[in-house]
Amino acid sequence: MSGGANLLYMLSDSLRCARENVMTAVLTAFTIGFSLAIFAIFLFVSINLNGFISTWGDKTHVVVYVKDNVASDPEKFGESLKRVPGVNSFTYISREAALKELRDELKGHESILEGVDTNLLPASFEIKLGSAYRDSDRVRGVADNLKRLPWVDEVQYSREWVEKFASLIRFMELAALVIGVFLAAATVFIVSNTVRLAVYARREEIEIMRLIGASDTYVKVPFFMEGVMQGVVGGLISFAVLAVGRYLMLDNVPQYFRFALDVPFPAPAVFSVLVLSGVLMGVAGSLVTVGRFLKT
Amino acid sequence: MIQMFHVSKSYEGSAPALSDITLNVPKGEFLFITGPSGAGKSTLLKIMFGSEAPTDGQIIIDGRNYVKIPPADLPGLRRRIGFVFQDFKLLPGKSVFENVALALKVMGVGPGDIKARVNRMLSYVKLQHRANFKPLSLSGGEQQRVAIARALVKDPAIILADEPTGNLDPALSNEIMELFKEVNNRGTTVVVATHDRRLIDLFGRRTVMLEGGRIAGQ
Ligand SMILES: Nc1ncnc2c1ncn2[C@@H]1O[C@H](COP(=O)(O)OP(=O)(O)OP(=O)(O)O)[C@@H](O)[C@H]1O
Ligand SMILES: [Mg+2]
């Protein structure tokens, strides 16, 4: 008895059988690869958008825009702001300052502002609320009070669009999850079907092996190894698809949207997770089918 | 070694292949099973081997009592039994050497050991020169001898041979039967199903006659 030699046999057997089924094995690997890639794209983009949102969400504050047609009198406006409950402090931002701030925030993306009328931005007050007024109901209350001031054109509290956008992101995350589950199930299904074909093609061989005393494990190992190999190749394919896809997209996506193509994890981690998931899918697909076959 | 009590086997939609077979094959026995085609010889061997389950009755193999052999016990049982299949059951994609070697591989025998034992076995059945051939490029008799070599190579406790000389000329048949006899002399229990009266008369061993699935004579 020599377990090591035995394992070596099984491995060489599985390599041989993998060579015999090259075409189905390659197709399976590609299926795994593309499902993983699609899932990763969804996941990454929603993580990126989410990161973008939470940076902006921190800046929850209320902005009061001054009506265009009233004479600008920051002092007087400030006095009336102080009388609104919840207002803790405020900063006046003139039209000029607003434009400058916008330019600063879009550093590197200034092209967006080309052709924008510099007078478009109204003067405004950025208001910090007392800490007791920061939940969304109270913010709305303060905003309603501010809106009643005669010189106030519009009240924006960033929560409003942050929350709208955040719910979009949550939807995307949910979509990524649902798509991920479906893709994983579809992939396991496809893998198990290609394995079913392979098992069917080799059913006589498997039957004979069992007749001369091969254990179920002995019969399963080649298929297990095939699943592992298909999974590894599938993982590599998905990584390649993502890397090449990102490279091609980078030049064709407007600059201000490029953050969405960021890779939110270090490349080696992405690589290992992709390969590992590929192996999991490949092995699950193989073993499910072979297991079912051996039960009969 | 092998005991059967009131074993019956019916395949769906046909007359019973075996009915009420009670049979004792002691350890070290050399037993012929004979009878006309369709009498149930193959079915009897398959039940002893666990590749068919009896519809009724009990079997004791190697001291273990089975109504139905549990799947987990099958590999172990089959490693102790060398079975020569009537239709050979060789792997067409593997060479003669690999086919014989597989019986040892599945038992976990090391490669050096396998090489020596397989080569020795191939020379016993006079097939050394065919070691690297694929089974389908061999004659029927040669394939049969590969099947015999695969059954014998693992030095099993029991040999079940289903028409092992069906494709061999009389001279070769005699040689193969001598081989079984030799193995039997070393203590292996041998059961040979054959309808070759000549061989039975020549070797003069205990013979069970089957007819229509029943024991018609001993
Ligand atoms: N898988 C099966 N399904 C249905 N009937 C079967 C099956 N195997 C065998 N039989 C039937 O059982 C009976 C006994 O068959 P068996 O193969 O045991 O005969 P045998 O004595 O080995 O014949 P032969 O000398 O031709 O090999 C036959 O009538 C056969 O048709
Ligand atoms: Mg038969």
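First to last, the protein sequences are chains E and D.
Just add 369 to wherever you are in the first sequence, counting from 1, and you've got the numbering used here.
Just add 8 to wherever you are in the second sequence, counting from 1, and you've got the numbering used here.
The C-beta atom is built at its ideal place from N, Cα and C for all residues, glycine as well.
Quick one: Cα of residue i to Cα of residue j, how far?
i, j, result
"Val564(E)", "Arg571(E)", "10 Å"
"Gln525(E)", "Arg507(E)", "14 Å"
"Gly582(E)", "Asp163(D)", "14 Å"
"Leu537(E)", "Leu396(E)", "35 Å"
"Ala612(E)", "Phe640(E)", "10 Å"
"Asn32(D)", "Ser16(D)", "15 Å"
"Asp95(D)", "Ile548(E)", "51 Å"
"Val602(E)", "Leu656(E)", "18 Å"
"Phe593(E)", "Gly654(E)", "9 Å"
"Glu150(D)", "Ser22(D)", "34 Å"
"Phe413(E)", "Val644(E)", "17 Å"
"Pro623(E)", "Ala440(E)", "39 Å"
"Ile208(D)", "Gly116(D)", "36 Å"
"Ala406(E)", "Arg627(E)", "19 Å"
"Gly647(E)", "Ala155(D)", "41 Å"
"Lys54(D)", "Val557(E)", "37 Å"
"Met56(D)", "Val126(D)", "26 Å"
"Leu110(D)", "Val133(D)", "17 Å"
"Ser18(D)", "Ala409(E)", "57 Å"
"Val216(D)", "Leu187(D)", "21 Å"
"Glu574(E)", "Ser415(E)", "48 Å"
"Phe403(E)", "Ser561(E)", "16 Å"
"Pro591(E)", "Leu210(D)", "47 Å"
Quick one: using the 10 Å Cβ neighbour count with 16 as the cut-off for buried, is residue i buried or exposed?
i, result
"Arg87(D)", "buried"
"Tyr616(E)", "exposed"
"Arg661(E)", "exposed"
"Asn140(D)", "exposed"
"Thr42(D)", "buried"
"Thr30(D)", "exposed"
"Gly195(D)", "exposed"
"Leu26(D)", "buried"
"Asp513(E)", "exposed"
"Gly225(D)", "exposed"
"Lys49(D)", "buried"
"Phe551(E)", "exposed"
"Tyr587(E)", "buried"
"Arg138(D)", "buried"
"Glu106(D)", "buried"
"Met392(E)", "exposed"
"Asn73(D)", "exposed"
"Glu171(D)", "buried"
"Ala460(E)", "The sequence given here places Thr at residue 460(E); Ala does not occur at that position. With fewer than 16 Cβ atoms within 10 Å of its Cβ, Thr460(E) is classed as exposed."
"Glu595(E)", "buried"
Taking C-beta pairs closer than 9 Å, name the residues in chain E that residue i reaches, listed in chain order.
i, result
"Ala201(D)", "Within chain E, no residue comes near Ala201(D); the closest Cβ sits about 16 Å away, beyond 9 Å."
"Val75(D)", "Within 9 Å Cβ-Cβ: nothing; Val75(D) doesn't reach chain E, min ~20 Å."
"Pro78(D)", "The premise fails here: Pro78(D) is roughly 13 Å from chain E at the closest Cβ pair, so nothing lies under 9 Å."
Can you find a CB in chain D that lies within less than 8 Å of the CB of residue i?
i, result
"Gly582(E)", "yes"
"Met578(E)", "yes"
"Glu574(E)", "yes"
"Gly426(E)", "Model confidence at Gly426(E) stands at a pLDDT of 49, short of 50, so the residue's coordinates are unreliable and nothing is read from them."
Under 7 Å Cβ-Cβ, which residues of chain D neighbour residue i?
i, result
"Tyr569(E)", "Chain D residues near Tyr569(E): none, gap ~15 Å exceeds 7 Å."
"Tyr587(E)", "Val114"
List the residues of chain E whose Cβ lies closer than 7 Å to the Cβ of residue i, in chain order.
i, result
"Arg87(D)", "Gly582"
"Pro83(D)", "Gly582, Ala583 and Ser584"
So, does the CB of residue i fall closer than 8 Å to a CB anywhere in chain E?
i, result
"Ser59(D)", "yes"
"Leu123(D)", "Looking at the sequence itself, residue 123(D) is Lys, so the reference to Leu does not match. So no, Lys123(D) is outside the interface."
"Ala111(D)", "yes"
"Lys97(D)", "yes"
"Arg72(D)", "no"
Whose Cβ in chain E lies nearer than 8 Å to the Cβ of residue i?
i, result
"Arg158(D)", "Ile581"
Task: Those residues, in chain order, that have a beta-carbon closer than 7 Å to some heavy atom of ligand 3 - done: This structure does not include ligand 3; its bound ligands are ligand 1 and ligand 2.
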